[in-house]
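Student: Chains as they are written, first to last, in UniProt numbering: chain A, 1 to 334; chain B, 1 to 303; chain C, 1 to 432.
From the three backbone atoms N, C-alpha and C, an ideal C-beta is built for every residue, glycine too.
Only a predicted model underlies this, so the values are computations on that prediction, with no experimental measurement involved.
Below, the structure written as structure tokens:
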């Protein structure tokens, strides 16, 4: 997705290109040689696409449609058990949710959490990518190995490990902190104060996401023409200026992409909190995803849960549209 | 139902290491400035990123009594396999291994077949509805999986899919599809069309040319893509948790989390179990890195 | 009790049930026992697996003698997510035939017509079933589940530690004496490590509510006039009890105060706690559990817990019931399996594990035995959660643990109890 673009500098000659779409604007200037090189192929493409499309319709669209329907009903446990058709309530679920102060508190918290995580992830990733360029081969190999290992960790495993690291009684974090003179963290509970608890959650999230950002940005940085940078240095530009005027413009599309993706992922953080709080999340730790789950499975109002989920989807839709436009601009979707 | 987020994360970045993995990039000669500080920074990054994994390993091999003490040394002082033994001997471990293996294998194969067909259509033909299809492929990845949990559950239930391997396989295959299509399409469009055309001149059919010419060339692409679906399938928790109620049909992540909800978490065996689950994933990740790199250098995949 | 509401609901659900024409027995009577070939799915909680697995095996073997062709599929569940999974399963085609329900969870399922009526005659000692458990299974004069075991909470303590610190292995009789002992224990062992003289978990609402009851408060109250339940945690008595409990947690728990009681036996096994307040059988877990410490053999004792105002602390009477799912096609097999699992012999096995049996006939002798007497004696004064339509929702949403955490986090008890009362009022009268 991002990477073929990365590796497609104008210098590459633009040899392999996508066929021109019959609709929509042609790909931007990157060079679309060979007009009409795409084949219509008669029925073949439709036959090829059909199985995949049917599968996606069954597993994505039908549930989505059901979600939509349920959010206009009052679907409760009783209906799940008996199979009775629930009552239609119109927009009641949505008005209930939107007039609930707790919802707005959760929504605000979700946004703040997302912003903090995205900033740390993207900022940290960029920093790591920049220093990776300049470190010696051995160190870079070590860093790459560490990044890839962290990247590969399943979320369930990463969460278990961080739970153990911050365990109040025998977690190494408390043990090490207590070694500092005058500090006693024995028995300190990281989930007592909500902000500390979220700090631990953010640590898992960022730790798991930084490798992707760092590695992708590092790949992008290798695309920066060396000559340009050298020329800028010769012209007497400082490191910061070179970055701003030479390096950043080149990596900007990738930077925007990883930021957008991080926004979407961090908005949807669910499993890390769910597992950290032992599958039973208290209201102080609710983000939109958790809130929706709790409404559906703890309060047994599936309709309220789906209403919150739909509101989340709508909030994210803005980001998704932005993401799509970015891709189209660069000619990935034509 | 594998989280689109993780899939996307792995996928998008997935091919990135291709350019970078291990010093294929030449060091910039103009950086005579002390690399020492950068190396120091690099070491710091290394420590921060590697420490949780290191601590997981150390705890997994540490005797239970030492784990529960305030004097845990940072360095491994004594080794034991008791954590692994108690993890392996704990209930439902082997059945979970079996379930995870079956579900993952079938899912990956099915997803790759379906994705190849779709990616080939998208990458090689222009047809009506192609662009909307591409947009749909992106958009479905952005849906929070949670929003569809209940309806999916109801649908599977109606079809008799609870506690059945195929239920997970179907959902996982389809959720792997959008990314796989997207990624494979990237590989396919980068293979010179002329190769196929010449094969067709030699008498191959369209599909024949695809299988004989394109398919071998995108081997590395398929390898990479399949590892990402593999990793996601292997790691998925929430749907498996709801659909596989039968303890004997648990997948490994569900089994892992069941260890923490039981009375008194034994962190030693929890860490040992974590190692067991993470190990295959990490190995595959490492392997795919190499493949991607070799694919790149051999010129089969390029910009 | 909100009789009108419950009657209305009961009528609706029962009608629904009969209209659906469930012929309990599933035609089983026509087929000889040895020719039955169905599958019986049983959901038990993890305790059965960890504490009395041999009973499960025994009963299954015995069951197989009568029904050689029937497959018994026992699934072990965890308390944390059992109801969520059960709710999902009940909507599907893969539901258990027999399910173990905590005795505070039964009412919602009974009111929703999920559970099949049972015939007490079919089960051993049903005439002496413990009243508190029978109440949780009864509705409108009929029974919908079978009492399985009871559990009262007692003080589980390390006698050696008490002896070393106070000079006496005897457990204090009053709270004042107890607190003196705590101070002594703290001086003796508290130096330099995370040692808790008394390990009370901040989220342990069963324990906290015992203090509420000890101060004369209660969780919720039924108003005959309005026919509704409402939360009463804001009363001065209840607030005093909650504050009392939180003070004890803060003063004597040096570990993670926000945990629940899940691993308090572990703390004791690791000799980091001299006293916990839990189920009697947890004394056994401390020594012989999977994570137990065999060195403590003989030093872990149980005693009645002293409470406020010089009285014993009123115990929560916990326990479990076994129910048959109405939708099951093998209700007769389910009933028979339960009958074997709760037989007098089976109860002997539970008693051997320091668990209270489901009937007073077998409970009485336990009062003579020093190790079981504190548990058995706690039964008569025990309190129970409100038998209200929406109580399980209050539990499922963790209203009480969340309130306790709030107070621990520094919210004034007045504020936290007001929030909790509002949440309880919201939920407790809704049946689904």
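Starting from residue 276(B), follow its DSSP beta bridges and name the residues at the other end.
Tutor: In the DSSP output, where bridge partners are listed per residue, residue 276(B) has none listed.
Student: According to DSSP, what are the bridge partners of residue 317(C)?
Tutor: Looking at the DSSP assignment, residue 317(C) forms a beta bridge with 152(C).
Student: What does residue 91(C) reach in chain A if we use C-beta pairs closer than 7 Å?
Tutor: Here the neighbours are 80 and 81.
Student: Quick check: is the beta carbon of residue 277(A) nearer than 8 Å to any beta carbon in chain B?
Tutor: No, no contact with chain B.
Student: Of all the CB atoms in chain B, is at least one closer than 8 Å to the CB of residue 283(C)?
Tutor: It does not; no Cβ of chain B falls within 8 Å.
Student: Hey, is residue 80(B)'s beta-carbon within less than 8 Å of any beta-carbon in chain A?
Tutor: Residue 80(B) does not count as touching chain A.
Student: Counting along the chain, where does the alpha helix (DSSP H) carrying residue 356(C) start and finish?
Tutor: Counting along the chain, residue 356(C) falls outside any alpha helix (DSSP H), and DSSP gives it neither H nor E.
Student: May I ask you to report which of helix, strand or coil DSSP gives residue 171(A)?
Tutor: Looking at residue 171(A) - three-state DSSP - the assignment turns out to be coil, as it is neither helix nor strand.
Student: Name the DSSP beta bridge partners of residue 347(A), please?
Tutor: With chain A covering 1 to 334 only, the question about residue 347(A) has no answer from this structure.
Student: Looking at the structure shown, is residue 248(C) part of a helix, part of a strand, or coil, going by DSSP?
Tutor: Residue 248(C): helix per DSSP, three-state reduction.
Student: Terminal residues of the continuous beta strand (DSSP E) containing residue 43(C)?
Tutor: From DSSP, the beta strand (DSSP E) with residue 43(C) extends over 39-45.
Student: 8 Å is my cut-off, CB to CB: does residue 367(C) come that close to chain A?
Tutor: Not an interface residue.
Student: Among the residues of its own chain, which have a CB less than 7 Å from the CB of residue 240(B), if the five just before and after it don't count?
Tutor: Around residue 240(B): 168, 251, 253 and 254.
Student: At the level of alpha carbons, what is the spacing between residue 42(A) and residue 192(B)?
Tutor: In a straight line, the C-alpha of residue 42(A) is about 21 Å away from that of residue 192(B).
Student: Can you tell me where the beta strand (DSSP E) holding residue 72(C) begins and where it ends?
Tutor: Unbroken beta strand (DSSP E) run through residue 72(C): 71-77.
Student: Can you name, in chain order, every residue of its own chain whose Cβ lies under 7 Å from the Cβ of residue 161(C), other than the five neighbours on each side?
Tutor: Excluding residues within five positions, the ones whose Cβ falls inside 7 Å are 185, 189 and 274.
Student: Quick one, are the C-beta atoms of residue 125(A) and residue 217(A) less than 8 Å apart?
Tutor: Cβ atoms of residue 125(A) and residue 217(A): closer than 8 Å.
Student: I need the DSSP call for residue 4(A), collapsed to helix, strand or coil.
Tutor: A caution first: residue 4(A) carries a pLDDT of 32, below 50, which makes its placement in the model unreliable, though a value can still be read off. The answer is helix: DSSP assigns residue 4(A) an H, G or I state.
Student: For chain A, check one thing: does any of its Cβ atoms lie closer than 8 Å to the Cβ of residue 41(C)?
Tutor: Judged by the 8 Å Cβ criterion, residue 41(C) is not in contact with chain A.
Student: Any beta-carbon of chain F closer than 8 Å to the one on residue 62(B)?
Tutor: The question asks about chain F, but that chain is absent: this structure's protein chains are A, B and C.
Student: So that I know if they touch, is there some Cβ in chain C lying closer than 8 Å to that of residue 192(A)?
Tutor: Closer than 8 Å: yes.
Student: With the cut-off set at 8 Å, would you say residue 163(B) and residue 244(B) are in Cβ contact?
Tutor: It is a contact, given that the beta carbons lie within the stated cut-off.
Student: Is the stretch 318-334 of chain C touching the stretch 231-239 of chain C in the sense that three or more CB pairs, one from each, lie closer than 8 Å?
Tutor: The stretch 231-239 of chain C, when compared against the stretch 318-334 of chain C, does not touch it at the 8 Å Cβ threshold.
Student: Could you name the residues of chain B that residue 85(C) contacts, counting a contact when the two beta carbons are closer than 7 Å?
Tutor: Under the 7 Å cutoff, chain B gives 245.
Student: How would you list, in chain order, the residues of chain C whose beta-carbon sits under 7 Å from the beta-carbon of residue 283(A)?
Tutor: Ordered by position in chain C, the residues that pass the 7 Å Cβ test against residue 283(A) are 402.
Student: Nearest-angstrom Cα distance between residue 110(B) and residue 334(C)?
Tutor: When rounded, the distance between both Cα atoms is 41 Å.
Student: Could you run through the stretch 134-155 of chain B and flag, in chain order, every residue whose CB is less than 9 Å away from some CB of chain C?
Tutor: Per Cβ criterion, the list reads 150, 153 and 154.
Student: Determine, using beta carbons only, whether residue 287(B) comes closer than 8 Å to chain A.
Tutor: Judged by the 8 Å Cβ criterion, residue 287(B) is not in contact with chain A.
Student: What number of angstroms, rounded off, separates the C-alpha of residue 245(A) from the C-alpha of residue 261(A)?
Tutor: Distance between the alpha carbons of residue 245(A) and residue 261(A): 25 Å.
Student: Does residue 283(A) come out as helix, strand or coil in the three-state DSSP assignment?
Tutor: Three-state result, residue 283(A): helix.
Student: Interface residues of chain B around residue 433(C) at Cβ under 7 Å?
Tutor: In this structure chain C extends from 1 to 432, so residue 433(C) is not present and cannot be described.
Student: Along the stretch 195-206 of chain B, where does the CB come closer than 7 Å to a CB of chain A? Name the residues.
Tutor: Answer set for the stretch 195-206 of chain B: 206.
Student: How big is the Cα-Cα spacing for residue 178(B) and residue 141(B)?
Tutor: Spanning the two alpha carbons is a distance of roughly 7 Å.
Student: Going by CA-CA distance only, name the one from 377(C), 262(C), 187(C) and 110(C) that's closest to residue 203(C).
Tutor: Selected option, being the one with the closest Cα: 262(C).
Student: Can you find a CB in chain A that lies within less than 8 Å of the CB of residue 72(B)?
Tutor: Taking Cβ atoms only, chain A reaches closer than 8 Å to residue 72(B), which makes this a yes.
Student: Are the stretch 132-139 of chain C and the stretch 295-304 of chain C in contact at 8 Å, needing three or more beta carbon pairs?
Tutor: No, because fewer than three Cβ pairs between the stretch 132-139 of chain C and the stretch 295-304 of chain C fall closer than 8 Å, the two stretches do not touch.
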